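Everything below concerns the one structure shown next.
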Amino acid sequence: MKKASKWQAFLLFSQSIPSHALGFIDPKSTTLELTINGQDLTITQSPGVLSSNRAGGTTGAVVWKVTPPFAAWLASPATNLFFRTGALSPASAVLELGCGVSALVGLAVGPLVSRYVLSDQPYVARFVEENLRQNLPRHRPRPSGAPAGNRRKGRGHHGNTASGGPAATAPGTGNVYFRPLDWELDTPDSSLAAGGDAAGSSFDLVIACDCIYNEALVPSFAQTCADVCRLRSTQPSGGGAAAAAGEQQQQQRPCVCVVAQQLRDPDVFGAWLREFCARGFRVWRVPDGELPEALRSSSGFVVHVGILRG
């Protein structure tokens with residue numbers, strides 16, 4: 001992988017990039033029929049929420065174009081670089097930031113890992129629940145628990161929307177479940193990683209799929225990514241020798257942050273890269289040769305990997 005730099009960013013935006021407009025698949029449809037790696041999915045979305053004046057944003061109410069090819073790529077163990085290198089495995093715990101209403105990446109990747117936590121603002125919870133139920137019908141729903149993390153202090157507000165509100169609890173399905181997490185209001189802690197029947201206090205992989213479009217949110221997004229990745233180095237030990245050995249092996253591998261995004265605005269992209277590096281991330285771009293054609297820079301998309309410096 002190539003280490004990300006200002007020069008690389010310049011080259012990305014110097015090439016001919018297809019126009020995807022804002023990047024929605026179909027913002028007027030309430031239902032999308034999608035196929036991911038041979039799995040037929042019925043995804044419910046909300047054009048009504050998208051067009052509303054809801055405080056705190058509405059962009060998570062519909063599915064974005066980068067999401068299906070990213071989900072298909074990540075859910076391909078035979079060819080995906082994270083499975084090949086051991087960064088992802090059946091024992092992995094994965095967190096998705098800004099999952100939106102679709103739960104699409106979780107539906108594709110969840111069956112391949114131990115735990116998959118979907119997170120976003122509380123308003124998406126009921127849509128996530130519906131999409132999990134109608135696409136994973138054989139799994140038993142279970143409560144997802146309390147709000148994820150602690151409230152941030154002095155990091156802005158979203159009117160009456162807060163992670164501890166009435167929509168803060170949503171059921172999960174099997175090993176895939178939802179946790180409310182607002183980048184501007186919440187500081188992630190180990191409770192975010194615990195859920196269902198599985199115990200855990202950190203993640204192996206953090207995913208963000210097309211979450212970078214508003215420059216004002218970039219600092220909070222970058223800080224949340226850093227906070228989640230640091231859970232790996234701060235998780236407590238305990239539970240006997242076997243558990244301690246497992247935790248030691250887990251801690252030897254840092255949490256990997258994977259960011260997929262549409263190439264829209266060089267200023268917003270540059271702001272994200274600066275904020276990530278400023279918070280201690282080493283950042284690399286996944287080469288086009290490792291990606292399917294639909295996810296390559298020539299198609300208007302890029303995938304980056306970030307690992308916190310030790």
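Take the sequence shown: its position 59, counted from the start at 1, is 59 in UniProt numbering, and no numbers get skipped. Note that the Cβ used here is the ideal one computed from N, Cα and C, for glycine as well. Only a predicted model underlies this, so the values are computations on that prediction, with no experimental measurement involved.
| Query | Result |
| --- | --- |
| For V117 and C209, the rounded distance between their alpha carbons | 14 Å |
| Three-state secondary structure assigned by DSSP to E33 | strand |
| Three-pair Cβ contact test at 8 Å for the region 273 to 290 versus the region 225 to 233 | yes |
| Residue 331 - DSSP class collapsed to helix/strand/coil | Because the chain here runs from 1 to 310, residue 331 falls outside it and cannot be looked at. |
| Beta-carbon proximity list for R274, same chain, < 7 Å, skipping 5 on both sides | none |
| Distance between beta carbons of T44 and N131, contact taken as under 8 Å | 6 Å |
| Straight-line gap, R133 to R253 (C-alpha atoms, nearest Å) | 33 Å |
| Per-residue DSSP class, three states only, for G106 | helix |
| Beta carbon of V268 nearer than 9 Å to that of G306 | no |
| Cβ-Cβ separation, F221 to I212 (assumed contact under 8 Å), whole Å | 7 Å |
| Buried or exposed (CB count within 10 angstroms, at least 16 for buried), N135 | buried |
| Endpoints, the alpha helix (DSSP H) within which R115 is located | Taken as a continuous stretch (DSSP letters only), R115 belongs to no alpha helix (DSSP H), being part of the beta strand (DSSP E) at 115 to 120. |
| Rounded straight-line distance, which links the Cα of F276 to that of T169 | Any reading at T169 must be qualified, since the residue scores a pLDDT of 36, below 50, and its modelled position is unreliable; no value is offered. |
| Rounded separation between K3 and V303 - CA only | 12 Å |
| Three-state class that DSSP yields for Y123 in the structure shown | helix |
| Residues that DSSP places opposite D40 in a beta bridge | T35 |
| A194 versus K6, I17, N175, M1, residue with shortest Cα-Cα distance | N175 |
| Exposed unless 16 or more other CB atoms sit within 10 angstroms - verdict on N37 | exposed |
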